[in-house]
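Below is one structure; the comments refer to it alone.
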């Protein structure tokens, strides 16, 4: 069973959101095999498809990650060097089409230090 993470706090404004995600890396299997564990990425971008952000209340609509124009690792060793209780995920909305959403996302640690940036993230 995959580890689950809880959104601790979420602030949504028009076109942007800041999410605080509970991330106890000691519970992640094989954490040292990844730069950023897939479960952390999933928890960070999951809010982008929430009806509070998209305005789409259709429970049959699904958006799956399909493209990232650019990925920037600002600190590739961060998760290996530091224990984290939570990460911050800051997202800005770029565009909406009936079959796709596009946004930019930054994953930061507790003090705001940027760990990675995903530009043109499409789902």
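Residue numbers (this note's numbering): 633 to 755.
No residue lacks a Cβ here, since even glycine has one placed at the ideal position from N, Cα and C.
(request) In the DSSP assignment, find the unbroken beta strand (DSSP E) run with residue 668 in it and report its ends. (result) Per DSSP, residue 668 belongs to no beta strand (DSSP E) and is neither H nor E.
(request) Note down, in chain order, each residue of its chain lying with its Cβ closer than 6 Å to the Cβ of residue 667, except the 5 sequence neighbours on either side. (result) 708
(message) Closest to residue 675 by C-alpha separation, out of 690, 640, 665 and 700, would be which residue?
(response) 640
(message) By the DSSP assignment, the beta strand (DSSP E) with residue 722 in it spans what residues?
(response) 718-729
(message) Less than 8 Å between the beta carbons of residue 693 and residue 644, yes or no?
(response) no
(request) Pull up the DSSP beta-bridge partners for residue 708, would you. (result) In the DSSP output, where bridge partners are listed per residue, residue 708 has none listed.
(request) Report the residue from 732, 650, 736 and 646 whose alpha carbon sits nearest the alpha carbon of residue 698. (result) 732
(request) Could you check what DSSP says for residue 651 in three-state terms: helix, strand or coil? (result) strand
(message) So residue 748 and residue 722 are supposed to be a Cβ contact under 8 Å. How far apart are they, rounded?
(response) Not quite, the Cβ-Cβ distance comes to about 11 Å (not below 8 Å), so this is no contact.
(request) Since I believe residue 681 is in contact with residue 752 (beta carbons under 8 Å), could you give me their beta-carbon distance rounded to a whole number of angstroms? (result) About 16 Å separates the two Cβ atoms, so there is no contact after all.
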